[in-house]
Every structure is written in structure tokens, then in C-alpha cells.
Amino acid sequence: MAFSSYPLTAFPASGARIPPYFHNTDHRQRCLAQLRSKHTGLEKYIFLNGLKERDPNLFYEVLLGNMLEIIPILYTPTVGDACSNYSHIWRRPEGLYVSIESKGHIRQILSTWPAGAAGRIAVVTDGSRILGLGDLGANGLPISIGKLDLYIAGAGIKPSTTVPICLDLGTNTEKYLNDPLYLGVRRRRPDTAEMDEFMKEFMTAMRDVFPQLLVQFEDFSTDNAFRYLDLFRNQYRCFNDDIQGTGSVVLSGFLNAARLASAAAGTPLSDQRILFFGAGSAGIGVAKQLTSFFTLLGLSEEEARQRIWTVDSKGLITADRKGLQEHKKYFARTDYQGPPLTSLVDIVKYVEPTALLGLSTIKNAFSEDVVRLMGSLNTRPIIFPLSNPVSLCELDYSDAIHWTNGSVIFASGSPYKPVEFEGRVYEPGQGNNMYIFPGIGLGAILSKARHVTDSMVEQASIALAGALTEDEQSADLIYPRLTRIRDISAKIALAVIRAAQKDNVDENTLFQNLSDEALLEYVRAKQWRPPSTHNVPRL
2 MAFSSYPLTA FPASGARIPP YFHNTDHRQR CLAQLRSKHT GLEKYIFLNG LKERDPNLFY
62 EVLLGNMLEI IPILYTPTVG DACSNYSHIW RRPEGLYVSI ESKGHIRQIL STWPAGAAGR
122 IAVVTDGSRI LGLGDLGANG LPISIGKLDL YIAGAGIKPS TTVPICLDLG TNTEKYLNDP
182 LYLGVRRRRP DTAEMDEFMK EFMTAMRDVF PQLLVQFEDF STDNAFRYLD LFRNQYRCFN
242 DDIQGTGSVV LSGFLNAARL ASAAAGTPLS DQRILFFGAG SAGIGVAKQL TSFFTLLGLS
302 EEEARQRIWT VDSKGLITAD RKGLQEHKKY FARTDYQGPP LTSLVDIVKY VEPTALLGLS
362 TIKNAFSEDV VRLMGSLNTR PIIFPLSNPV SLCELDYSDA IHWTNGSVIF ASGSPYKPVE
422 FEGRVYEPGQ GNNMYIFPGI GLGAILSKAR HVTDSMVEQA SIALAGALTE DEQSADLIYP
482 RLTRIRDISA KIALAVIRAA QKDNVDENTL FQNLSDEALL EYVRAKQWRP PSTHNVPRL
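Residues 2 to 540 (our numbering) are what the sequence shown spells out, left to right.
Next comes the structure, spelled out in C-alpha cells:
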């Protein structure tokens, strides 16, 4: 649809610089054409970055109208390339860097961000474990920027209330330390004591400068992800998306996948047996979240734990392994007495899982032998290769369909295209955290929750699982289509608000007397949308 025509005299300050018939065209379509003319994902990322600088409202209008096309550019998989190359493609200041060299003055650094007391959501990374790419140091900032763009697009968080932060704590990656264009501090990462001191000052300063802020931790190294979540979750309004967000979105998909698989096999839901390949912060975080699947069915925590097996680079994780990391002990098996199991095929034969989940960042780790074995053990095997980006995914969707003759129930972390097999088109599920974290953030912000509780995260999962339309259910989908993300986020926010009320952590008590219908309408009304003011471009 073209914009209306306006006489140039209506714009005396800029009319001479605008082509006479610009107003008879749709500038959004022009921007899309320019975007699509770029040949690589990184070029498209740079173009969108420039568009956001020139005209933020136009950027978000284009994003909201074309989310399936643009989200993979702003976030996974393209954001991985943007991070790896950030010191070389940097154009302008975009976020807030808080350096370890600023220790003792962090409050002053944070005070330079314009949001101030209006700040509502921050995404904070230290760049130590970006996606599956490792320690990228100060190059990790695009992760925080991209996640906040998804909060804005997916939940309607107002852009001016967002705070993208990279903690510049050094890097242990020699490539960046030796790069003359590297943007970060040139030192090794701090030891635990020094980092603890920094993080405590940082979180105290965050609350002082941004008193209403929700902090999302993103892409910290495994040990530190668990460490700082445990240290701060009961003191501050914060959560860790890699641990809680990933776990929540996978639980949601698994709730629907298990129903399909159990119905096909004629077995109880409680008979599910889950094998995790990958035991880092995301893997163990998801495993802990999936214990909720069993406890919601009435099983005890111990019974739930016994239905989950974990595998790392050394094989099946058992309690008798020497030097076992602390975060791996919870699911370490005590019921296996044989020689170490290191082959995934052998482990699948031993466990006989109904579900195989990958969070290993090992490309093609789920071989044809593994997948065919899963298919022979189950009427409808559940296989979730969740590692990001696509280049690190354990299994391609086309292979999963062909090796199971279409019986697989599949969800990946990155997007895949539908696959045609034997006359039928199969639509993949995507366990994208974008389904969950925008709604959790919106609900926590609106309820003014003092903390993000386990119940809030669990209820977000249940709300997402119940968001399928009849059409989506008939197509055997386990996640809704992402084009409905704003409506989905509103419903998740409602569930999060109610959970915060039940846990007595909400400080916005006005919502307690509203019906669900009235509260949902309020949530939708609070979702920000860019004003359509592009009859005249910003000059």
C-alpha cells in the first residue's frame, strides 16, 4: 500500500531534499528491497544496524512486518557472525560497556546511559560463551542488542527503556588479544574472587541507577552462569535466559511432543525417558526444567530425576567419575556399574530413551545410526537438536525426516525450512527462546516482581504449550507459529503475573483485582508499537 501524496509545501524544512513523488511510494518496501539486495547475512545485519541508527521507528516497523525474515538476521544464526567480527564491523556506539578497569566507578559508568530511572530491561553478557562460539570478549555486545530487539518486537517493550550491556572483563582467546582492532580490554579474564567483587558492585550499581530494571544474564560461561544466578536471583530482579529461558521453552515443546509420542505409542506420559547430549549451563538448566514435566504429572522430584540421563564429552555422566563438575552432579547416575559408556549409540542402546535432546554445539553429533536407532525404539521418537547456530546443530531437519521415515517429533534451536517427504510437507518446530523470554520479561516488568521465581518460569512454559491454535494442533506442531509472537507473549505475561501474585513477589497490587480477561487486555494495551510516521524520512 502506497503512502498518500502530500504537497512539498507541507514540509518546508525538508521538502527541497525529498524527491517530489517520494510520498506516493512505500518507503518500507524500499528498505526491504535494499535489505534483500545484500548477498550475505553479515551484510544484511550491517544494513539493518544502519537503518536502526537512521530511523529507529522505521526499523521496528519493518521488523514487525517481516519478523520471520529479519529475526534470523538480528539474532541466531547471523548474530554469531556479527559477534565474531564485531571489532571489524563496528560503526557507532550502540550499547554500554562496563570494563573491569572501571571497578570502583561502575555506578558512574551506568549513569551515562540515557534511560536512567525509566530503564526496565537490560540484557547483560560478559562475552565468555557466545552461542557455541566460545569466548568472544567485548565482541559479545550484539548478543545483548539482538536480544533486546526481540523483546521490543516480541513483547512490545518500549525501546527507550532497554539497556544493552557488555561486561568487558578481558578474554582468554588469543586471536582477539592479538587483533589490533579488538575493541576490548587486553587482558586475561579475572579469577573468581576478582570477578565476584566486580559482579557484586555491578549489581548494586544497577539497582541504584535503574531501580525498576529486570536484568537478563546472557551467554556467561557455564560455571559463572550458575554461580551468578544462584548468587543474585533472590536479591535482585534477574534471570538467566540460557538456564531458565532455554529450559522453559524446551519444557513447553516437550509437553506437546510427549503428548503426541505417548498417544502414538499408547503409553502413559510418565513413561518418558529423556537423554541429554550436552551438560553445560544450557543442558543442565534444561534438564532441571524438564523435571517439572514429571512433577506436574504427580511424580516426586527423585522419581523425576531418575527419568533423565546426561551425557558430556566423556560419555554417560555417572556419580563415580573423578573430578565431576558441581553442576553435573545432580543428574549423575548411581545405577550404572559397567565400564564407561562413551559412544552415543551405546548410550542410546543402554538408556532406551523416548527423547534425545542436544545442547552440545557439536555439528551432526546425532548420526544416522543414532537417529535410526531412536526410530526403532519409538513409534514417534522425540529429537530436539537445540544447539545454535545452525552450523553447530546436532542434526539437520531433512536428515531427521528421512532417517525416521517422517515419524520424528523435531524441534531445533535455529530455524529450518519445511521438508517434503513421500508426498507430505513436514513443518519443523523451533525451540526458540524468543517464544519465552519476551513474555517472562513483560510479565515481570508489569507485575513489578521483586524476583523471578521458578513458578513464574514454569507457568510461562505451560502458557506457551497451551497457545497452539486448532490449525497448529492439526498440523502436529509443538510450538505456535512465530508470526503470532505478540499475542503469545501477552498470554505468557498474564501467566507470569499470576504466578508472581501467587508467590507474593509482585509489587503492582493493582492487578490482583482484575479478571484474566481485563488483565490480558491491559497487557496488550501496554505493548509498544512504532508510530507510522514515515511519509517523510528522517534527515
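Backbone N, C-alpha and C define an ideal beta-carbon position, used for all residues, glycine too.
As the structure is a prediction and not an experimental result, all values here were calculated from the model.
In this structure residue 510 is exposed. Its beta-carbon is surrounded by fewer than 16 other beta-carbon atoms within 10 angstroms.
Boundaries of the alpha helix (DSSP H) around residue 224: 223-233. Residues of the same chain with their beta carbon placed closer than 6 angstroms to that of residue 94 are lacking, with the five preceding and five following residues left out of the count.
According to the DSSP secondary-structure assignment, residue 421 is paired through a beta bridge with 426. Closest option to residue 392, judged by alpha-carbon separation, among 413, 450, 303: 413. A straight-line Cα-Cα distance of about 14 angstroms links residue 323 and residue 340. A Cβ-Cβ distance of about 6 angstroms is found for the pair residue 145 and residue 96, placing them in contact under the 8 angstroms criterion. Per DSSP, residue 174 is not a residue of any beta strand (DSSP E), being assigned neither H nor E. Unbroken alpha helix (DSSP H) runs of no fewer than 4 residues, entirely contained in the region 337-403, are found at 345-352, 369-378, following chain order. For residue 123, the enclosing beta strand (DSSP E) stretches over residues 122-126. Where residue 50 is concerned, the enclosing alpha helix (DSSP H) starts and stops at 42-55. Residue 98 is bridged by DSSP to 167. Sixteen is the threshold: when 16 or more other Cβ atoms of the shown chains lie within 10 Å of the Cβ of residue 390, as they do, the residue is buried.
With contacts defined as CB atoms closer than 8 angstroms, residue 342 and residue 275 fail to qualify as a contacting pair. Counting other Cβ atoms within 10 Å of its Cβ, residue 293 reaches 16 or more and is therefore classed as buried.
The DSSP-derived three-state label of residue 215 is strand. Here residue 282 is not bridged, per DSSP, to any residue. Annotation: the continuous beta strand (DSSP E) that includes residue 411 extends over 410-413. When rounded, the separation of the alpha-carbon atoms in residue 177 and residue 377 is 46 angstroms.
In terms of CA proximity to residue 427, 399 leads the group 439, 450, 435, 399. Contact between residue 136 and residue 172 holds: CB atoms are separated by about 5 angstroms, below the 8 angstroms threshold. By the neighbour-count criterion, in which a residue is buried when 16 or more other Cβ atoms sit within 10 angstroms of its Cβ, residue 346 is exposed.
In the displayed model, residue 460 falls within a helix according to three-state DSSP. In the three-state reduction of the DSSP assignment, residue 193 falls in the helix class. Counting C-beta atoms within 10 angstroms of its own C-beta, residue 229 has 16 or more neighbours from the protein chains shown and is therefore classed as buried.
Contact annotation: the region 434-442 touches the region 240-254, with at least three C-beta pairs closer than 8 angstroms. Using a C-beta cut-off of 8 angstroms, the region 296-303 makes no contact with the region 275-285, since fewer than three inter-stretch Cβ pairs fall below that distance. 386 is the residue among 423, 386, 421 whose C-alpha sits nearest the C-alpha of residue 430. By the CB criterion at 8 angstroms, residue 489 and residue 444 fall outside the cutoff. Its chain contains 82 as the residues whose beta carbon lies nearer than 6 angstroms to that of residue 43, once the 5 sequence neighbours on both sides are disregarded; these appear in chain order.
Annotation: residue 311 to residue 244 spans about 15 angstroms, alpha carbon to alpha carbon. Note on residue 264: under 16 other CB atoms within 10 angstroms of its CB, so exposed under the neighbour-count rule.
DSSP lists 319 as the beta-bridge partner residues of residue 334. Per the C-alpha coordinates, the member of 262, 187, 156, 126 positioned closest to residue 167 is 126. About 16 angstroms separates the beta carbons of residue 147 and residue 65, which is beyond the 8 angstroms limit, so they are not a contact pair. Nearest to residue 375 by C-alpha distance, out of 402, 46, 486, 291, is 402.
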